[in-house]
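Worksheet for the structure shown next.
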Amino acid sequence: MTPLERHIRLVSGFAAQQARQDDLAPLMDAGAAPGQRAFVYRNSGILAATSALVSNYPRLVTLMGESSFRDMARAFVTRHPPEKRSLVGYGRALADFICEHVDDHAMPWLGDLARLDRGWLDAHLAGDAQPIGAEAVAHLSEDELMAARFTPHPSLRLVETSFDLSSLWRTLDAGLAPKGQVQIPQRSAHHIFWRPAHEVNTAPLPGATAAFLASLVAGKPLAQACQSALTAQPGADLSAIIAFTFQSGLLTGLNAQGEHAS
Amino acid sequence: MSHPAALPPAAGIGLKPDHYRAALETGADGLWFEVHPENYMVEGGPRLAWLEALREGRALSFHGVGASLGGLDPFDRDHLSALKRLVARFEPEQVSEHATFSAHGGRYHGDLLPLPRTGEAMAHLAARVSAFQEAIGRPILIENPTNYLPFRSDFDEPEFLAEVARRSGCGLLIDLNNIAISAFNVGTDPYAYLRALPAKLVGEIHIAGHSEDPLLTDRFLIDSHDSPVGPVVWQLLEYALGLWGPRAVLLERDGNIPPFTELLAERGEAQRRIDQCRAAIHDAA
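What follows is the structure, given as structure tokens:
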């Protein structure tokens, strides 16, 4: 190992909390001791990563308060340090991390809230695309329409939660911390995030619509998506679901039989 | 390798998302912006749209933090290709990086970690800068690091950086706040440092505020960019402009971010010094 390799290995190890500051002593000028000062090489990186999490999970921060959130974020950074050279989307594992530590915070729905924040972020950072409207399928026969497959908007994210956070989300999304005890119903809920134009849209979603969209996203033909909706909720209003899908700009391409995806 | 137009010898501001609208609407003369390209390595969405709108009327600089030029890991392919896409799309007047490493063993540290100033490190960094410039098809500037500890070294920093620049063909981005902090923390002479740098290598100057370490307090300064530029750094700016002539000067602010108008006023202080420097040269001629 060359002196440069040893230097980088030791400094990197210290930054990654895998070495002690005394381990850096051989790299110093004769007689100099790293001491407390060395910690700047660890703390700056942790601060950058925790600050990225503050940016990436703003509603979680509003709920927990920034100080508590940063405490949790530091534990996360130690366990899941950044790998990518951009911290823009850092922290994908945060929801699971929160669920693993439910004994520490006693909020069994907190991981679900992180999933919703993540859904928003993913939609925010996703690619741009021009949605298609219902007129794009106007020329198809009913059989062709039912056999058609669609390209979902690249920003479309469907998030299913075990707790219904719709009310809490609305409060936090307005930048407000909830007042008093937070009551969260334990029942499955669906949310959709998408960005048909400049800003991210979000809405709670009936189970039938969620099943319908999940089916389209999976590349299934419209007939199968309709079947999924009816399975999730017998008697679901399919025409309303299809109208919502087009009006909201959730699709960007059509692949009818014999046609290429546009 | 293409040589795009240089940044104007005027004062710029590090662009923050909170300031997009104000930055787009300001009529400030000569103002330019700098961004970390890593913050724009996304598929799409509002931040790219904002940058596109801002870029139409303003000069732009990409100041990277993720290349890990001094590191041992190969260049990150995703990072490099994302950077190349951004450079092709926005055609910034300048691209800069750091004379440090920021990743090792597949882990990104999110920090600019120091290299030893040895012959081995000099050769390594120069080769990496050359390869990086080759990869993105443009010359870059590299920024002097903040010194926190007296690492064993064979060269003074100006000599080390100038030699890396000479071997690789890159220029230098001189961060005066880093020099002020280094002077305080490890006892270097900031004015001698500036005199030792060849003027023709300096393509840009950074100014920023710093803070005291929360535990070591006034015995140790941190490059926190979370306060206005202090008197020591303003003095260094006047001195540096006197040595080198008008240069592009960037005001950095990354914490306790004030309203855009406050940053603009602080940026005006830098612009005033650049204007004075230009007037002094004019008078002398």
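Chains as they are written, first to last, in our numbering: chain A, 1 to 262; chain B, 1001 to 1285. Here a beta-carbon is modelled for each residue, glycine too, at the ideal position from N, C-alpha and C.
Interface partners of residue i on chain B, CB under 8 Å
| i | result |
| --- | --- |
| Gly-207 (chain A) | Per Cβ cutoff of 8 Å: no residues; Gly-207 (chain A) is ~29 Å from chain B at best. |
| Glu-199 (chain A) | Pro-1046 |
| Thr-171 (chain A) | Within 8 Å Cβ-Cβ: nothing; Thr-171 (chain A) doesn't reach chain B, min ~22 Å. |
| Thr-2 (chain A) | Glu-1120 |
Whole-angstrom distance between residue j and residue i, CA atom to CA atom
| i | j | result |
| --- | --- | --- |
| Ser-86 (chain A) | Gly-1066 (chain B) | 7 Å |
| His-260 (chain A) | Leu-254 (chain A) | A caution first: His-260 (chain A) carries a pLDDT of 46, below 50, which makes its placement in the model unreliable, though a value can still be read off. Roughly 8 Å separates the two Cα atoms. |
| Ala-218 (chain A) | Gly-89 (chain A) | 24 Å |
| Pro-1145 (chain B) | Val-11 (chain A) | 15 Å |
| Ser-1102 (chain B) | Ile-1274 (chain B) | 32 Å |
| Ile-46 (chain A) | Glu-1097 (chain B) | 21 Å |
| Ser-262 (chain A) | Thr-252 (chain A) | Low per-residue confidence applies at Ser-262 (chain A): pLDDT is 45, beneath 50, and the placement is therefore not dependable, though the value from the model is reported in the following sentence. Distance between the alpha carbons of Ser-262 (chain A) and Thr-252 (chain A) is about 8 Å. |
| Ala-1286 (chain B) | Leu-1141 (chain B) | Only positions 1001 to 1285 of chain B appear in this structure, which leaves residue 1286 (chain B) out of reach. |
| Glu-160 (chain A) | Ala-16 (chain A) | 35 Å |
| Ala-1196 (chain B) | His-1036 (chain B) | 28 Å |
| Pro-221 (chain A) | Pro-1228 (chain B) | 59 Å |
| Phe-163 (chain A) | Leu-116 (chain A) | 11 Å |
| Ala-236 (chain A) | Ala-223 (chain A) | 14 Å |
| Arg-1058 (chain B) | Phe-150 (chain A) | 40 Å |
| Gln-18 (chain A) | His-80 (chain A) | 14 Å |
| His-124 (chain A) | Arg-1267 (chain B) | 31 Å |
| Ala-106 (chain A) | Ile-98 (chain A) | 10 Å |
| Asp-96 (chain A) | Val-1042 (chain B) | 23 Å |
| Pro-3 (chain A) | Asp-1156 (chain B) | 18 Å |
| Trp-1050 (chain B) | Gln-130 (chain A) | 18 Å |
| Asp-22 (chain A) | Leu-1216 (chain B) | 18 Å |
| His-1063 (chain B) | Val-1095 (chain B) | 6 Å |
Proximity winner among the options, relative to residue i (alpha-carbon distances)
| i | options | result |
| --- | --- | --- |
| Gln-1133 (chain B) | B:Leu-1149, B:Ser-1168, B:Glu-1266 | B:Ser-1168 |
| Phe-212 (chain A) | A:Leu-238, A:Lys-179, A:Trp-109, A:Arg-118 | A:Leu-238 |
| Glu-1212 (chain B) | B:His-1206, B:His-1225, B:Ser-1061, B:Val-1202 | B:His-1225 |
| Ala-1126 (chain B) | B:Gly-1105, B:Phe-1160, B:Pro-1150, B:Asp-1156 | B:Phe-1160 |
| Ala-1180 (chain B) | B:Asp-1076, B:Gly-1209, B:Leu-1113, B:Asn-1039 | B:Gly-1209 |
| Ala-1131 (chain B) | B:Asp-1018, B:Ser-1068, B:Glu-1052, B:Arg-1278 | B:Ser-1068 |
| Ala-1265 (chain B) | B:Gly-1012, B:Phe-1155, B:His-1079, B:His-1282 | B:Gly-1012 |
| Gly-1242 (chain B) | B:Pro-1092, B:Pro-1258, B:Ile-1281 | B:Ile-1281 |
| Ala-203 (chain A) | A:Pro-108, A:Gln-227, A:Ser-167 | A:Ser-167 |
| Asn-1235 (chain B) | B:Phe-1075, B:Glu-1034, B:Pro-1190 | A quick correction: the sequence has Gln, not Asn, at residue 1235 (chain B). Answer by Cα proximity: B:Pro-1190. |
| Ser-67 (chain A) | A:His-7, A:Thr-50, A:Ile-8, A:Val-77 | A:Thr-50 |
| Val-40 (chain A) | B:Leu-1015, B:Thr-1118, B:Asp-1223 | B:Asp-1223 |
| Ala-1165 (chain B) | B:Met-1122, B:Ala-1279, B:Val-1042 | B:Met-1122 |
| Glu-246 (chain A) | A:Val-102, A:Leu-230, A:Leu-216 | Strictly speaking, residue 246 (chain A) in this sequence is Phe, with Glu absent from that position. Among A:Val-102, A:Leu-230, A:Leu-216, the Cα nearest to that of Phe-246 (chain A) is on A:Leu-216. |
| Phe-1075 (chain B) | B:Phe-1090, B:Ser-1061, B:His-1104 | B:His-1104 |
| Gly-175 (chain A) | A:Thr-209, A:Ser-188, A:Arg-70, A:Gly-65 | A:Gly-65 |
Proximity below 8 Å, CB of residue i to CB of residue j
| i | j | result |
| --- | --- | --- |
| Arg-20 (chain A) | Tyr-1148 (chain B) | no |
| Ala-177 (chain A) | Gly-1045 (chain B) | no |
| Leu-158 (chain A) | Ile-192 (chain A) | yes |
| Ala-1023 (chain B) | Leu-1054 (chain B) | yes |
| Leu-250 (chain A) | Trp-169 (chain A) | no |
| Arg-1253 (chain B) | Leu-1263 (chain B) | yes |
| Glu-135 (chain A) | Ala-256 (chain A) | no |
| Leu-113 (chain A) | Leu-63 (chain A) | yes |
| Trp-1233 (chain B) | Asn-1185 (chain B) | The amino acid occupying residue 1233 (chain B) in the given sequence is Val; Trp does not appear at that position. No, Cβ-Cβ distance for Val-1233 (chain B) and Asn-1185 (chain B) is not below 8 Å. |
| Arg-1093 (chain B) | Ala-1005 (chain B) | The sequence shown places Glu at residue 1093 (chain B), not Arg. Cβ distance < 8 Å, so Glu-1093 (chain B) and Ala-1005 (chain B) count as in contact. |
| Pro-1139 (chain B) | Gly-1171 (chain B) | yes |
| Leu-1194 (chain B) | Ala-1240 (chain B) | yes |
| Ile-1174 (chain B) | Val-1129 (chain B) | no |
| Gly-91 (chain A) | Asn-43 (chain A) | no |
| Glu-5 (chain A) | Leu-1072 (chain B) | yes |
| Gln-1271 (chain B) | Ala-1010 (chain B) | yes |
Contact set between residue i and chain B, taken where Cβ atoms lie within less than 7 Å
| i | result |
| --- | --- |
| Met-28 (chain A) | Leu-1149, Pro-1150, Phe-1151, Arg-1152 |
Chain-ordered chain A contacts of residue i [CB-CB under 7 Å]
| i | result |
| --- | --- |
| Ala-1103 (chain B) | Arg-85 |
| Glu-1163 (chain B) | Result: empty, since nearest Cβ-Cβ is about 15 Å, beyond 7 Å. |
| Tyr-1108 (chain B) | Pro-82, Glu-83, Lys-84, Arg-85 |
Near the ligand GDP: residue i beta-carbon under 7 Å from a heavy atom
| i | result |
| --- | --- |
| Ile-8 (chain A) | Looking at this structure, you won't find the ligand GDP or any other ligand, since it has none at all. |
Under 9 Å from the C-beta of residue i: neighbouring residues of chain B
| i | result |
| --- | --- |
| Asp-23 (chain A) | The premise fails here: Asp-23 (chain A) is roughly 13 Å from chain B at the closest Cβ pair, so nothing lies under 9 Å. |
| Gln-36 (chain A) | Asp-1213, Leu-1215, Leu-1216, Phe-1220 |
| Thr-124 (chain A) | Position check: residue 124 (chain A) holds His in this sequence, whereas Thr was assumed. The answer, in chain order, is Val-1042, Gly-1045, Pro-1046, Arg-1047. |
Where residue i meets chain A, residues with beta-carbon distance less than 8 Å
| i | result |
| --- | --- |
| Glu-1038 (chain B) | Arg-85, Ser-86, Leu-87, Val-88 |
| Pro-1116 (chain B) | Pro-3, Leu-4, His-7, Leu-27 |
| His-1124 (chain B) | Leu-4 |
Contact set between residue i and chain A, taken where Cβ atoms lie within less than 9 Å
| i | result |
| --- | --- |
| Asp-1189 (chain B) | Ordered by position in chain A, no residue passes the 9 Å Cβ test against Asp-1189 (chain B), which lies about 17 Å from the chain. |
| His-1079 (chain B) | Lys-84, Arg-85, Ser-86 |
>> I'd like to know if the segment 1102–1113 of chain B and the segment 1027–1045 of chain B are in contact, where contact means that at least 3 CB-CB pairs between them fall below 8 Å.
In response: no
>> Under 8 Å, with one C-beta from each stretch per pair, do the segment 227–242 of chain A and the segment 179–197 of chain A reach the 3-pair mark?
In response: no
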